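Notes follow once the structure below has been shown.
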Amino acid sequence: KKNIIPVILFKTTMGNSSLSEWTAVAAFAAIGLSTIPLLQSDYFSRSFLSSPSLQQRRLESYEYQWEKQSKESVKKILGLWKGFELKLLREDVAILKLFHKCMKEGNYQVLAIGIDSTSKTLDVCVWISFSETIYQIPLQQMAPIISIVIESVVFTNTLCFVADASGGLGLTIVKEVLKTCQESVPVISEPAWISQLAIFMEQKPNLLSTSVYKQCLMGLIRLQTYQYRRDPTIILTLPGQATFATLEPALFDSFPHERRVFIYDGCCNTVSRVMMMPRHESPPSATPFSKKIGYSTPLFSSLSKEVPKLPEVMQTLPLEAAAATECWMTAVSTYLEMKDRDTERRKLKQPEYLPFCCKLDNLRTTDLAIQNLVQFIMGARSRALPLEVVQKATSTLRTILEKRDNSHKMQFEKEIQEAVFCHKRILLENKTLVDTVYPSKDWSLKSTRKVLGCACCDPEEEEEEEEEDLTKQLPNRMRPKFVDGKNTFAFDPTKF
């Protein structure tokens with residue numbers, strides 16, 4: 094004990110310098126304590142490291158966890174297909190023939206993306222199963238070929254990307270409600286290969302160019318969804334809030350006209366829900382890529398640059414809570430940044446970023462919210478949902494909320510709110526994000542078109558004068574926002 098006291102005093106005297114940190118570590122080692130477990134302890138790090146050093150340590154930990162998860166998941170996925178023959182394709186003609194066969198015959202699956210450790214070049218590859226064979230294709234060779242294949246196909250269905258910043262509850266609601274209401278709607282649920290590709294896009298940007306990553310993302314999504322080409326709508330749920338900042342901008346660039354949903358809850362509720370997630374899914378073989386890491390471990394970490402005070406505030410939080418908080422903040426910050434660029438997009442006459450932004454509180458408090466959400470996802474436009482569908486959706490929602498909406502009070506909620514408050518553009522807890530959908534019953538494509546015009550239909554000549562008069566009366570609403578919480582309509586149906 095006498096030896097320990099001078100170490101603590103030395104830390105206090107020297108302040109937050111790196112010299113004091115390493116002197117403390119050396120002193121603990123010198124007195125014969127077991128320093129390895131101690132150094133691995135986040136509690137020790139928060140007590141003795143400066144805020145920047147702690148932040149760097151945590152970032153290294155996040156990167157290691159993602160890289161480890163990527164490698165392990167590839168092994169698990171390929172292990173499930175042991176009986177299949179493995180073929181490596183590098184020639185353009187062979188790759189082209191494979192894709193044409195897949196799209197013609199069906200019965201194929203995108204399995205995983207990872208580094209081929211057996212090759213000297215350490216290529217980033219994709220593994221695709223087809224006709225009792227697993228084909229391994231380097232992304233560098235695949236990217237231009239799959240782009241050519243996809244461009245030659247006419248896609249008549251609509252994709253709907255669903256992102257979540259509520260600790261997984263939002264995705265559960267969407268998947269279970271659609272399963273109950275519309276059994277024929279295909280839902281591609283958090284594909285492991287998308288998580289693996291996001292890791293390379295974020296952590297290995299020098300291995301391949303951004304354009305190659307985007308070509309592969311778009312091409313493989315189109316390839317995987319082509320099997321459901323007869324379905325009018327295909328839902329693809331994104332793997333956790335941690336990947337949102339990496340995937341959403343790339344997905345919007347590749348699919349600017351498709352539907353998208355962003356479901357969010359308050360930060361404290363989300364963090365509580367994430368911390369209650371099991372560390373290991375059961376059975377493990379059913380989920381080769383851990384779902385918890387997508388909510389609990391930051392993949393894209395730029396908030397410390399945007400919010401300089403964040404590392405200092407995060408130091409008061411234990412590791413798991415700090416990581417989940419940063420995941421939520423990064424997802425919400427990315428959503429706001431995407432919305433901010435709409436002003437420039439309008440000037441350039443480019444498609445706007447218009448997701449159905451769904452606040453979980455609305456789903457808790459009114460049945461209209463789930464009706465609006467299902468209408469948007471299914472592209473119902475002005476068609477009212479059948480009464481049976483509405484009843485099933487409402488019943489399923491209530492059951493899910495009763496069983497799974499189980500966030501609990503945490504002792505460090507004040508610290509979480511202080512961390513969120515550092516990001517001045519993110520509102521606290523139960524506040525509402527910009528363009529959150531306000532639930533409403535009485536809306537239709539026809540009535541919206543009559544008031545302010547429809548983007549997909551030319552107005553009748555008789556209506557033009559009425560619209561001009563209405564526009565003069567509403568100078569600040571030349572065109573309705575997607576939803577600002579005050580509009581008459583649940584959302585602007587001209588934006589499908």
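In terms of the numbering used here, the sequence shown opens at residue 94 and continues consecutively. Note that the Cβ used here is the ideal one computed from N, Cα and C, for glycine as well. For clarity, every value in this text was computed on a predicted model and none was experimentally measured.
Nearest to residue i (by Cα), restricted to the options the options
{"i": "Glu-506", "options": "Phe-348, Thr-339, Phe-141, Asn-362", "result": "Asn-362"}
{"i": "Ala-473", "options": "Pro-325, Val-167, Ala-512", "result": "Pro-325"}
{"i": "His-193", "options": "Arg-151, Gln-320, Leu-264, Asp-135", "result": "Gln-320"}
{"i": "Trp-159", "options": "Ala-424, Lys-496, Glu-295", "result": "Glu-295"}
{"i": "Lys-524", "options": "Gln-510, Ser-533, Ala-291", "result": "Gln-510"}
{"i": "Ile-470", "options": "Ser-383, Thr-330, Thr-459", "result": "Thr-330"}
{"i": "Ile-463", "options": "Leu-313, Tyr-388, Leu-494, Ala-236", "result": "Leu-494"}
{"i": "Tyr-388", "options": "Lys-398, Leu-396, Ala-414, Lys-307", "result": "Ala-414"}
{"i": "Lys-452", "options": "Val-530, Leu-142, Gln-317, Ser-138", "result": "Val-530"}
{"i": "Gln-233", "options": "Gln-308, Leu-396, Ser-347, Ala-424", "result": "Gln-308"}
{"i": "Val-186", "options": "Asp-498, Ile-327, Gly-263, Met-235", "result": "Met-235"}
{"i": "Leu-316", "options": "Leu-300, Ser-138, Trp-286", "result": "Trp-286"}
{"i": "Asp-257", "options": "Lys-190, Tyr-428, Lys-442, Ser-302", "result": "Tyr-428"}
{"i": "Ser-397", "options": "Arg-139, Gln-334, Ser-146", "result": "Ser-146"}
{"i": "Pro-231", "options": "Thr-492, Ser-210, Phe-514, Arg-322", "result": "Ser-210"}
{"i": "Arg-518", "options": "Glu-430, Thr-318, Ile-170", "result": "Glu-430"}
CB of residue i within 7 Å of CB of residue j, strictly
{"i": "Pro-391", "j": "Cys-420", "result": "yes"}
{"i": "Phe-355", "j": "Pro-284", "result": "no"}
{"i": "Ala-417", "j": "Val-483", "result": "no"}
{"i": "Leu-344", "j": "Ala-291", "result": "no"}
{"i": "Val-219", "j": "Ile-208", "result": "no"}
{"i": "Pro-532", "j": "Leu-461", "result": "yes"}
{"i": "Ala-512", "j": "Met-407", "result": "yes"}
{"i": "His-516", "j": "Pro-444", "result": "no"}
{"i": "Val-267", "j": "Ala-205", "result": "no"}
{"i": "Leu-152", "j": "Ser-394", "result": "yes"}
{"i": "Ile-386", "j": "Gln-149", "result": "no"}
{"i": "Ser-144", "j": "Glu-405", "result": "yes"}
{"i": "Ser-500", "j": "Tyr-357", "result": "no"}
{"i": "Asp-314", "j": "Pro-279", "result": "In the sequence as presented, Asp is not what sits at residue 314; that position holds Ile. No, the Cβ-Cβ distance between Ile-314 and Pro-279 is not below 7 Å."}
{"i": "Ser-365", "j": "Met-503", "result": "yes"}
{"i": "Leu-262", "j": "Arg-497", "result": "yes"}
{"i": "Ser-383", "j": "Pro-332", "result": "no"}
{"i": "Cys-253", "j": "Arg-352", "result": "yes"}
{"i": "Val-203", "j": "Ile-221", "result": "yes"}
Status (buried if at least 16 other CB within 10 Å, exposed otherwise) for residue i
{"i": "Phe-248", "result": "exposed"}
{"i": "Met-311", "result": "buried"}
{"i": "Leu-545", "result": "Any reading at Leu-545 must be qualified, since the residue scores a pLDDT of 32, below 50, and its modelled position is unreliable; the value itself is stated next. Label assigned to Leu-545: buried."}
{"i": "Thr-336", "result": "buried"}
{"i": "Val-255", "result": "buried"}
{"i": "Pro-411", "result": "exposed"}
{"i": "Gly-172", "result": "exposed"}
{"i": "Asp-528", "result": "buried"}
{"i": "Glu-423", "result": "According to the sequence shown, residue 423 is Thr rather than Glu. Buried, since its Cβ has 16 or more Cβ neighbours within 10 Å."}
{"i": "Pro-401", "result": "exposed"}
{"i": "Tyr-136", "result": "exposed"}
{"i": "Ala-117", "result": "For Ala-117, the predicted structure reports a pLDDT of 44, less than 50, and the residue's modelled location is therefore unreliable. The matter cannot be settled from this model."}
{"i": "Pro-298", "result": "exposed"}
{"i": "Leu-466", "result": "buried"}
{"i": "Val-246", "result": "exposed"}
{"i": "Ser-127", "result": "With a pLDDT of 39 at Ser-127, under the threshold of 50, the predicted position of this residue should be treated as unreliable, though the coordinate-derived value follows. Exposed."}
Segment limits, alpha helix (DSSP H) that includes residue i
{"i": "Ser-140", "result": "135-141"}
{"i": "Ile-170", "result": "144-172"}
{"i": "Ile-227", "result": "Run containing Ile-227: none in the alpha helix (DSSP H); it sits in the beta strand (DSSP E), 226-231."}
{"i": "Thr-492", "result": "480-497"}
{"i": "Ser-288", "result": "285-296"}
{"i": "Asp-185", "result": "185-198"}
{"i": "Lys-507", "result": "506-515"}
{"i": "Arg-366", "result": "360-368"}
{"i": "Leu-316", "result": "303-318"}
{"i": "Ser-389", "result": "386-389"}
{"i": "Ile-463", "result": "460-471"}
{"i": "Ser-397", "result": "396-399"}
{"i": "Ile-266", "result": "262-274"}
Span of the beta strand (DSSP E), counted from its first residue to its last, around residue i
{"i": "Ser-222", "result": "217-223"}
{"i": "Gly-207", "result": "201-208"}
{"i": "Asp-442", "result": "Residue identity differs from the one stated: residue 442 is Lys in this sequence, not Asp. Per DSSP, Lys-442 belongs to no beta strand (DSSP E) and is neither H nor E."}
{"i": "Phe-254", "result": "251-258"}
{"i": "Lys-452", "result": "449-452"}
{"i": "Phe-355", "result": "352-357"}
{"i": "Lys-180", "result": "178-181"}
{"i": "Ile-327", "result": "326-330"}
Touch test, the segment 272-286 against the segment 430-440, Cβ-Cβ under 8 Å, three pairs minimum: With a cut-off of 8 Å, the segment 430-440 and the segment 272-286 do not count as touching, because too few Cβ pairs lie within range.
Counting Cβ pairs, one atom from each stretch, are 3 or more of them under 8 Å apart for the segment 180-187 and the segment 224-232? Taking 8 Å as the limit for Cβ pairs, the verdict is that the segment 224-232 does touch the segment 180-187.
Could you tell me whether the segment 473-490 touches the segment 236-246, where touching means 3 or more Cβ pairs closer than 8 Å? Contact between the segment 473-490 and the segment 236-246 is absent, because fewer than three Cβ pairs lie under 8 Å.
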